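Engineer:
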Amino acid sequence: MARPGTRNLITDIDGISVGQAEDARIGTGVTVIVPDCPVLSAICVAGGGPGTRESDLLSAGRLVSDSVDAICLSGGSAFGLAAADGVMAGLKAQGRGFTLVPRPGVPPTPIVPAAILYDLANGGDKDWGDTAPYAGLGRKAFDSAGKSFNLGKAGAAFGARAGLAPGGTGSASIVTKDGLTVGALAAVNSFGSVRMPGSEAFWAWPFEIAGEFGGARPEAGFAFDPEDWGAAKANPSPRENTTLACIALDAVVTHDEIQRIAQMALSGMARAIRPVFAPTDGDVIFVISTQKREAEGSRAMAIARLGELAAGTLARAIARGVYEAERQEGRP
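Going by full-length UniProt numbering, the first residue of the sequence shown is number 1, and it counts up by one from there.
1) Give the secondary structure of D250 by DSSP, where H, G and I count as helix, E and B as strand, and everything else as coil.
2) Tell me, which residues are paired with R195 by DSSP?
3) Could you give the distance in angstroms between the alpha-carbon of T181 and the alpha-carbon of G129?
4) By the three-class DSSP mapping on this structure, what secondary structure does K292 have?
5) Please report the straight-line C-alpha distance between S74 and A220, rounded to a whole angstrom.
6) My output table needs one value for D23: the three-state DSSP class, helix, strand or coil.
7) Closest to G90 by CA distance: which of S77, G76, P108 is it?
8) Just curious, the alpha helix (DSSP H) that G136 is in, first and last residue?
9) Exposed or buried, which one is D99 when buried takes at least 16 other CB atoms within 10 Å?
10) When the Cα of D283 is compared with those of A165, E212, M269, Q291, which residue comes out closest?
11) Tell me, please, which residues DSSP counts as bridged to F98.
12) Mind checking whether G155 and I116 have CB atoms under 8 angstroms apart?
13) Looking only at its own chain, which residues have a Cβ that is under 6 angstroms from the Cβ of T176, when we skip the five neighbours before and after it?
14) Could you name each continuous alpha helix (DSSP H) segment of 4 residues or more that falls completely within the segment 55-101, going from the start of the chain to the end?
15) Does the segment 49-64 come close enough to the segment 19-36 that 3 or more CB-CB pairs lie under 8 angstroms?
16) So, helix, strand or coil for A2, using DSSP?
17) Whose C-beta lies closer than 6 angstroms to the C-beta of V252 among residues of the same chain, with five residues either side of it excluded?
18) Looking at the secondary structure, which residues open and close the beta strand (DSSP E) in which T176 lies?
19) To the nearest angstrom, how far is the alpha carbon of K233 from that of A162?
20) According to DSSP, simplified to helix, strand and coil, what is S171?
21) List the DSSP bridge partners of R161.
22) Report the residue from G105, Y323, T6 whose alpha carbon sits nearest the alpha carbon of G215.
Shown next as structure tokens:
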């Protein structure tokens, strides 16, 4: 039977590390997913108001879609895109990056796709003067990368909100009986609610494993008004919101296949948040693969399995991030 990995984190994928940094005064943070070596990557953008950097590089036919050195997720809205500068600086110091023709004195260029969420209205001190803090936070997050990292009020979701609940950084993993591993990390700043209206149960409850986000279940016969969004930020009314995610695989896949997995993984957000993909949401999913294990069976069936595992694991990561943030704020 499939089960979570040892840590139940995206870092259960061999060769993947995560670093985080926060600024409590500003009320913001950065999360960086760092593979040990360049990886194949894809992106799927579902929200109507995304903020991304280097995302076009991940489209089919691009030169460096298999040469991604890190994925950067940040608060700060468009200011936060500068966090990738700090990540690039750290990678350059290690001599990492893409080069077409090596030449003396010409450094490789680190490939760092990035996405941001909106946390500018969370009450933190945003009067940072002429220089935004995000490049520094990006470098700090990169330098801290390791196998363990904090969930809840941490990293890119430090200043986030999930509907009326505190937002959070969540992660989860799954290992199949034939040894494939899928991990997910999410920074949850959703407009929609992660819980069912009038219930303690998360929308993602059917996918929960071993009580990882509290074990609450809807009561027998539970029903709700289709127009009731529960504890969304408004019910209904749009604001600036985003859920950012990164899925990591160890399976050998092609670019077309990893793009299909990214599209399937979007359903994980829909399983965990309601409403989702709204006009002002910036929902984005990155998928990366370390290409270390061959999947069994036909290619179509293998990709169907991986896409479904990615979706379920992402739904768990989203609920887990909010659950841990609520615990940090004193919710039982």
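Glycine is no exception: its CB is placed at the ideal position from the N, C-alpha and C atoms. This structure is a prediction, so every number in the text was calculated from the model and none was measured.
Structural biologist: Taking the definition as stated:
1) One-based indexing of the sequence shown puts residue 250 at position 250. Three-state result, D250: strand.
2) What you label residue 195 is simply residue 195 of the sequence shown in a count that begins at 1. Beta-bridge pairing links R195 to F202.
3) Locating residue 181 in the sequence shown gives position 181, where the first residue counts as 1. Locating residue 129 in the sequence shown gives position 129, where the first residue counts as 1. About 44 angstroms.
4) The residue given as residue 292 occupies position 292 in the sequence shown. The answer is strand: DSSP assigns K292 an E or B state.
5) Mapped onto the sequence shown, residue 74 falls at position 74. Mapped onto the sequence shown, residue 220 falls at position 220. For S74 and A220, the distance between alpha carbons rounds to 40 angstroms.
6) As a working note, residue 23 is residue 23 in the sequence shown. Three-state DSSP puts D23 in a strand.
7) On the sequence shown, residue 90 is found 90 positions in, with the first residue counted as 1. When only C-alpha atoms are compared, the closest one is P108.
8) On the sequence shown, residue 136 is found 136 positions in, with the first residue counted as 1. Element bounds for G136: 134-143.
9) Position 99 of the sequence shown, counting from 1, holds the residue named residue 99. Checking the sequence, you will find Thr at residue 99 rather than Asp. So T99 ends up on the exposed side.
10) Position 283 of the sequence shown, counted from the start, is the residue given in the question as residue 283. In terms of CA proximity to D283, M269 leads the group A165, E212, M269, Q291.
11) Along the sequence shown, read from residue 1 onward, the residue named residue 98 stands at position 98. Paired residues: T109.
12) For the purposes of this step, residue 155 is taken as the residue at position 155 of the sequence shown. For the purposes of this step, residue 116 is taken as the residue at position 116 of the sequence shown. No, the Cβ-Cβ distance between G155 and I116 is not below 8 angstroms.
13) For the purposes of this step, residue 176 is identified with residue 176 of the sequence shown, where counting begins at 1. Here the set comprises A2.
14) Taking 4 residues as the shortest admissible run, the segment 55-101 contains the following complete alpha helix (DSSP H) segments, listed from N- to C-terminal end: 83-93.
15) These segments do not touch.
16) Locating residue 2 in the sequence shown gives position 2, counting from the first residue. The answer is coil: DSSP assigns A2 none of H, G, I, E or B.
17) The sequence position of residue 252 within the sequence shown is 252, counting from 1. For V252, where only same-chain residues beyond five positions count, the Cβ hits under 6 angstroms are Q291, E294.
18) Taking the first residue of the sequence shown as position 1, residue 176 is located at position 176. In the DSSP annotation of this structure, T176 is not part of any beta strand (DSSP E), being labelled neither H nor E.
19) Here the question's residue 233 lines up with position 233 in the sequence shown. Here the question's residue 162 lines up with position 162 in the sequence shown. Their Cα atoms are separated by approximately 8 angstroms.
20) Translated into positions along the sequence shown, residue 171 becomes position 171. In the three-state reduction of the DSSP assignment, S171 falls in the strand class.
21) Against the sequence shown, residue 161 aligns to sequence position 161. R161 is bridged to P166.
22) Along the sequence shown, one-based indexing puts residue 215 at 215. Minimum Cα distance to G215 is reached at Y323.
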